[in-house]
Amino acid sequence: MADSPQIRLDFRKSLGSFILDIHCTLETKVSAFLGVSGSGKSTLLNCVSGILTPDEGEITFGEEVLYASASKINLPPEKRRFGYVFQTGYLFPHLTVAQNIRYGQPKPRKPSAAIDVLELGEFLQRYPRELSGGQRQRVAIARALAMEPRMLLMDEPLASLDTALKERIIPYLHHVKDAFDIPILYITHAFSEAMALADEAFLIANGEIIASGEPHGLLTAPSAMPIAQLTGVENILFLPVTLSDKTKGVTSLEIGDQSLVIPYTEAEVGETVPVAIRAEDIIISLEPNLSISARNTLRGTIQYLDVKSEATWISILVEWHHLAVKITHQAREQLQLKEGLEVYCVIKANAINRLWE
Amino acid sequence: MRITPAEVAALVLSIKVALLSLVFTFPIGLFVGWLLAKRTFLGKSFLNTLVMCPLVLPPIVSGYLLLILLGRNGLIGGFIYQVFGIEIVFSELAVVIAVSIISFPLLVRGIVTGMESVPLELENAARTLGASPIKVFWTITFPMAYRGVIGGTILGFSKSLGEFGATIMVAGNIPGKTQTMALAIFSAVHLGEDVSVYRLVFISTVVAFVALWLTERFTLR
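These protein sequence lines map, in sequence, to chains D and L. Under the working numbering, the first sequence is numbered contiguously, ending at residue 357. Under the working numbering, the second sequence is numbered contiguously, ending at residue 221.
Below is the structure:
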């Protein structure tokens, strides 16, 4: 998207004692804003869409000024032409799927291409209450696309869905990304979604952007550990496949000189796959050879310990990967864990999830 | 046992007045209801209190205040008399005004309840889809507030049909001119015309029942 318009967000908005202070330029096709709830992500999107008016600053889309406190410009939401997909869909309950999708369509007679992309043809005459959560969310995305927006704003479009459904919707989002040549501003608290979709990620905490960059680099860097704690997120690793055995139901990945066994996944040997491990799913052991069912024991060195009120966070260097591990204070004391100590990370194969490409 | 022309006149007047009142108050009620349910502005609680006042005031008091305002020497009545030469009080128009004022809070209450139940997020979603505030009102807020609006309308209409206190104060009880069903029943009881009372009470009940039944039929589909 070489000719895509540059979006500049440069504004402040206070809500009670909370202050959102955003300064950034979006230049890639999909920009993700990552943060925990209460970090100001939704407020940010509401300001961009025009639902909320910032206190001061400027929001521009290409050459067009959408909001500027200095020149008292504030384009109402209906003039911005930004498709907005809300966390819980907000479909109009009194309208059918077809009417919902048509609502913002410039030429309502012509069926929108979004109906095909999101495979909604068979649901058109139903009412939102007759749909499942995943179907509803697809309608919400189709409705936002049918208006032929200049940009798509997505506020945790998958958050209200369970994991299985999420994985079914993600491919649709990829279709959308490919089929519609518009920038997407994606808001989420899930690392995996940001990694799966975004070209650039912005980490947001307490109303400010604390880091930004290419998502893989940003989210797997050692500096991401505090961010991992902040977003309550899993470890993300990109590892090459060394062996894939469908009959045994396992796939082996290479992590330096060691290997990591995960449940079988469709992948070629040599292909790099992204996997996620939650920080609380990693057990720390001082011994390497335990007689246990867990399939993985990775040797590593404690880089640093971070004692928080709720738990101890440990960053362990395994080969050149950093693993964030969350344990109780009691475990830390009993094992006498300290920086520089060699430990073993025990991980069940089933605790490792392959991320969607 | 035949219904008398005076009774027919009272029945027709009651229905006519209630319908006319609805025609006048409905658009205003819709706008005021929307203001109260969806907007924040200076003087909102004052407007709310003003609208709801007739609900808590004795109708006689509302009627008396109207009489003062609309009378030939009143603030509004005086002006209209000077300019148009029309006297409002003790006319059919006075009946319409009286029942409108009394039924208005019930109508507005229903509309406000209905509109408050429409989530702001849905209206915002419609705005982001390119709908102007007016389009949002007619395509989202109004249709979704439907039940509240119908409820308020039924209550307001029923109140209009049976209004007594304010009507008698500001319009009097002139048979064939300002005598509604309620006033006719009052007169008949007063004069001891029991048979007439029974007939009127029966007719009132039937009219109220049919009105309610029809609205139910059309809203429940």
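Note that CB positions come from ideal geometry on N, CA and C, so glycine has one too. No experiment lies behind these values; they were computed from the predicted model shown.
(Q) When you compare the CB of residue 77 (chain D) with every CB in chain L, is at least one pair closer than 8 Å? (A) Yes, because at least one Cβ of chain L sits closer than 8 Å to the Cβ of residue 77 (chain D).
(Q) Cutting at 6 Å between CB atoms, please list the residues of its own chain near residue 31 (chain D), excluding the five before and the five after it. (A) Taken in chain order, the residues that qualify are 185, 200.
Q | CA nearest to the CA of residue 128 (chain L), picked from D:138, D:97, D:139, D:85 | A | Taking only the C-alpha atoms, the option nearest residue 128 (chain L) is D:85.
Q. Between the region 15-40 of chain D and chain L, which residues of the former have a C-beta closer than 9 Å to a C-beta of the latter?
A. Going along the region 15-40 of chain D in chain order, one finds no residue with a Cβ nearer than 9 Å to chain L.
Q | Of the residues D:88, D:105, D:337, D:100, the one placed nearest residue 81 (chain D), counting alpha carbons only | A | Among D:88, D:105, D:337, D:100, the Cα nearest to that of residue 81 (chain D) belongs to D:105.
Q: Taking only beta carbons into account, state which residues of the region 137-153 of chain L come closer than 9 Å to chain D, listed in chain order.
A: Residues passing the 9 Å Cβ filter: 139, 140, 143, 144, 146.
(Q) For residue 118 (chain D), tell me which candidate among D:168, D:151, D:70, D:287 has the shortest Cα-Cα distance. (A) Ranking D:168, D:151, D:70, D:287 by CA distance to the CA of residue 118 (chain D) puts D:168 first.
Q. Do you know how far the Cα of residue 192 (chain L) is from the Cα of residue 71 (chain L)?
A. If I take the Cα positions, the gap works out to 32 Å.
Q. What does a CB cutoff of less than 8 Å around residue 358 (chain D) pick up in its chain, not counting 5 residues either side in sequence?
A. Because residue 358 (chain D) is not part of the residues shown, which for chain D are 1 to 357, the question remains open.
Q.
Is the separation between the beta-carbon of residue 172 (chain L) and that of residue 178 (chain L) shorter than 8 Å?
A. With respect to residue 178 (chain L), residue 172 (chain L) sits close: the two C-beta atoms are nearer than 8 Å.
Q. In terms of alpha-carbon separation, which member of L:184, L:141, L:100 lies closest to residue 24 (chain L)?
A. The residue from L:184, L:141, L:100 with its alpha-carbon nearest to that of residue 24 (chain L) is L:100.
Q) Based on the DSSP output, what are the partners of residue 186 (chain D) in its beta bridges? A) Residue 186 (chain D) is bridged to D:32, D:154.
(Q) For residue 154 (chain L) and residue 117 (chain L), I'd like the C-alpha separation in whole angstroms. (A) Each residue's alpha carbon lies about 19 Å from the other.
Q | Whether residue 94 (chain L) touches residue 17 (chain L) by CB criterion (8 Å) | A | No, these two residues do not count as a Cβ contact at 8 Å.
Q. Should the region 118-127 of chain L be regarded as contacting the region 65-81 of chain L, the criterion being three or more beta carbon pairs within less than 8 Å?
A. By the C-beta criterion, the region 118-127 of chain L is judged not to be in contact with the region 65-81 of chain L, since fewer than 3 inter-stretch pairs fall below 8 Å.
Q.
Ignoring anything shorter than 4 residues, give me the alpha helix (DSSP H) runs that lie fully in the region 270-325 of chain D, in order along the chain.
A. As far as the region 270-325 of chain D is concerned, it has no whole alpha helix (DSSP H) run of at least 4 residues.
Q. In chain order, what residues of the same chain lie with their CB nearer than 8 Å to the CB of residue 108 (chain D), ignoring the 5 residues before and after it?
A. 102.
Q) residue 42 (chain D) CB to nearest chain L CB: under 8 Å? A) Closer than 8 Å: no.
Q: Would you verify that the beta carbon of residue 221 (chain L) is, or is not, closer than 8 Å to some beta carbon of chain D?
A: Confidence in residue 221 (chain L) is poor, its pLDDT being 49 and thus under 50, which makes the residue's placement too unreliable to answer from.
Q) If you scan the region 158-220 of chain L from start to end, which runs of the alpha helix (DSSP H) of 4 or more residues do you find wholly inside it? A) List check, alpha helix (DSSP H) in window: 165-171, 181-191, 194-220.
Q | Close-in-space but distant-in-sequence residues of the same chain around residue 357 (chain D) (CB under 7 Å, 5 per side omitted) | A | Residue confidence is low: residue 357 (chain D) scores 44 on pLDDT, short of 50, so the model does not pin down where it sits. No coordinate-derived value is stated.
Q | Beta-carbon separation (whole angstroms), residue 162 (chain L) vs residue 110 (chain L), contact threshold 8 Å | A | Contact between residue 162 (chain L) and residue 110 (chain L) does not hold, since their C-beta atoms are separated by about 17 Å, which reaches or exceeds 8 Å.
**Q.** Reduced DSSP category for residue 350 (chain D) - H, G, I as helix; E, B as strand; rest coil
**A.** Of the three classes helix, strand and coil, the one that applies to residue 350 (chain D) here is helix, per DSSP.
Q) Hey, residue 138 (chain D) and residue 158 (chain D): beta-carbon distance below 8 Å or not? A) No, these two residues do not count as a Cβ contact at 8 Å.
**Q.** residue 42 (chain D): first and last residue of the uninterrupted beta strand (DSSP E) it sits in
**A.** No beta strand (DSSP E) holds residue 42 (chain D); the alpha helix (DSSP H) holding it covers 41-49.
Q | Buried versus exposed, by CB contacts within 10 Å (16 or more), residue 209 (chain L) | A | Looking at its Cβ environment, which holds fewer than 16 other Cβ atoms inside 10 Å, residue 209 (chain L) is exposed.
Q: Using a cut-off of 7 Å between C-beta atoms, extract the partners of residue 82 (chain D) located in chain L.
A: Correct list: 128.
Q.
Check whether the region 10-23 of chain D and the region 123-130 of chain D touch, using three or more Cβ-Cβ pairs below 8 Å as the test.
A. Output reads no: the region 123-130 of chain D does not touch the region 10-23 of chain D.
Q: Quick one: give me the first and last residue of the alpha helix (DSSP H) that residue 59 (chain L) is part of.
A: For residue 59 (chain L), the uninterrupted alpha helix (DSSP H) run begins and ends at 59-70, by DSSP.
Q) If we count Cβ pairs, one from each stretch, closer than 8 Å, do we get three or more for the region 290-299 of chain D versus the region 338-347 of chain D? A) Touching, per the Cβ criterion.
Q) So, is the C-beta of residue 37 (chain L) closer than 8 Å to a C-beta in chain D? A) Chain D contact via Cβ: absent.
Q: Output the boundary residues of the beta strand (DSSP E) element that contains residue 94 (chain D).
A: Counting along the chain, residue 94 (chain D) falls outside any beta strand (DSSP E), and DSSP gives it neither H nor E.
Q) Can you tell me whether DSSP reads residue 15 (chain D) as helix, strand or coil? A) In the structure shown, residue 15 (chain D) adopts extended strand secondary structure according to DSSP, grouped into three states.
**Q.** Cutoff 7 Å; reference residue 180 (chain D); Cβ partners in own chain excluding five residues on either side
**A.** Contacts found: 145.
**Q.** CB contact check: residue 121 (chain L) to chain D, cutoff 8 Å
**A.** Cβ-Cβ to chain D under 8 Å: yes for residue 121 (chain L).
Q | Interface partners of residue 132 (chain L) on chain D, CB under 7 Å | A | What residue 132 (chain L) touches in chain D: 78.
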